[in-house]
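What follows is a single structure, written as structure tokens, with notes after it.
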Amino acid sequence: MIKIPDTLKHLLTQIQQSAIIIHRNPDGDALGSGLALKQYLQKRDIKVDLVSPNEIPNYLKWLPGINDVLIFEQQTQKIQEILKNSQLIFTLDFNDLSRVGKDFEKYLKTLKDRTFVMIDHHLEPADYAKFKLSDSSKSSTSEMVYDFISALDGSNLIDQDMATCLYTGIMTDTGSFKFPNTTPHTMCIAADLMKKGINHNDIQIKIYDSFSLDKLHLLGEALNKLIFLPQYKTAYIALSRSDLKKHHYQKGDTEGFVNYGLSLKDADFAVMFLENEQEGVRISFRSKGNFPANAFAKRYFNGGGHKNAAGGRTQTNLDEAVQLFLEKLPEFITELQAKND
Ligand code: 5GP
Ligand code: MN
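1 is the number of the first residue of the sequence shown in the numbering used here; add one for each residue after it.
This is the structure in structure tokens:
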């Protein structure tokens, strides 16, 4: 259960305008939780806008309500005006303002007197929010938004569209209910969302069985490039700018690729390097069992995340990023060689 302070409950009966902000490069959980919370607040007659720092990936463009999401990179002035007039600003699915990108972060820091509400399941939450609903034991922010709405006695307001959004967030953050973050409570929520009339098979198909031929060819390229280092139980893939170009890369096309490394029998750590136009090299880290993928991301790649799923970046070129990784891997050899239960 989620504990909502009485002062926040009271504020929700007073305010007229609010905003919801999700992290840069939004995923199913960020958008699913954001869209559901938006619809809930609207049902309570609170004006609300949902803001994504940058564009929505194609594979999520079917979510109910997605066309009303505002994009900070494209509508900066309008969004600044909205945020100035918002009495409550919800931040979903991130633990630190840096996760919205430099320019947006800078602007948010000028809004210190606004009341921020963090709803998030990442470790080490920063201190910008007056109301910090942070719980890293939760599968997803969507699970927390479900609990948030329930704790406000709003379960009956969750309709089919909201349920579709929340289910998508939970499904994507749990790898379709297979990651260790899936709990009995997660399953109870999924069951309740099913009772709201969602088409779970259709959601699965829209997310996982709707790939373009280019994406599958890029996956072929990535799998051919997979390297396994048995002594470190580590598998990695490095995709260059020209690999992406060859297969007409669209944002989101590499979603899920990193997990293939972990599907190797003896791999406990999988990494994918992606050389990207704007952001230097983006790195995704995944692990099985106890190996802390987020520790690696944080120490050497300006990132962080969860124990089993983390991300980071460098401004170097691809070869340098891979070199740095290979150079630092031996520091983790004890943890990597430990029996992983
Ligand atoms: P992905 O590899 O899918 O981009 O990221 C995996 C997970 O790591 C995300 O769910 C997110 O929680 C976390 N993550 C990704 N990038 C960063 C980052 O730069 N900083 C932090 N703290 N977490 C990140
Ligand atoms: Mn999440």
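Glycine residues also receive a C-beta, built at the ideal position from the N, C-alpha and C atoms.
With distances taken between CB atoms, is the gap from residue i to residue j smaller than 8 Å?
i	j	result
residue 167	residue 121	no
residue 90	residue 69	no
residue 173	residue 28	yes
residue 260	residue 157	no
residue 269	residue 234	yes
residue 2	residue 51	no
residue 285	residue 239	no
residue 279	residue 241	no
residue 126	residue 103	no
residue 82	residue 49	yes
residue 196	residue 151	no
residue 160	residue 203	no
What does the Cβ neighbour count give for residue i, buried or exposed, with the cut at 16 atoms within 10 Å?
i	result
residue 92	buried
residue 170	buried
residue 220	exposed
residue 165	buried
residue 44	exposed
residue 190	buried
residue 53	buried
residue 178	exposed
residue 110	exposed
Candidates the options: which alpha carbon is nearest residue i's?
i	options	result
residue 308	44, 152, 60, 136	136
residue 331	34, 306, 296, 183	296
residue 183	217, 222, 140	140
residue 133	94, 112, 101, 162	94
residue 215	228, 245, 196	245
residue 229	262, 10, 197	262
residue 25	17, 59, 13, 301	59
residue 256	283, 303, 265	283
residue 6	130, 322, 176	130
Rounded C-beta distance between residue i and residue j? I'm assuming under 8 Å.
i	j	result
residue 4	residue 46	The pair is not a contact, with the Cβ atoms about 15 Å apart (cut-off 8 Å).
residue 314	residue 271	The pair is not a contact, with the Cβ atoms about 13 Å apart (cut-off 8 Å).
residue 149	residue 142	Residue 149 to residue 142, Cβ: 11 Å. No contact.
residue 77	residue 107	Contact flag wrong, Cβ pair sits at about 11 Å.
residue 123	residue 294	7 Å
residue 64	residue 35	7 Å
Beta-carbon of residue i versus every beta-carbon of chain D: anything under 8 Å?
i	result
residue 14	The structure shown has no chain D; it contains just one protein chain.
Mind listing which residues have their beta carbon within less than 5 Å of any non-hydrogen atom of the ligand FAD? Chain order is fine.
Among the ligands modelled here, namely the ligand 5GP and the ligand MN, the ligand FAD does not occur.
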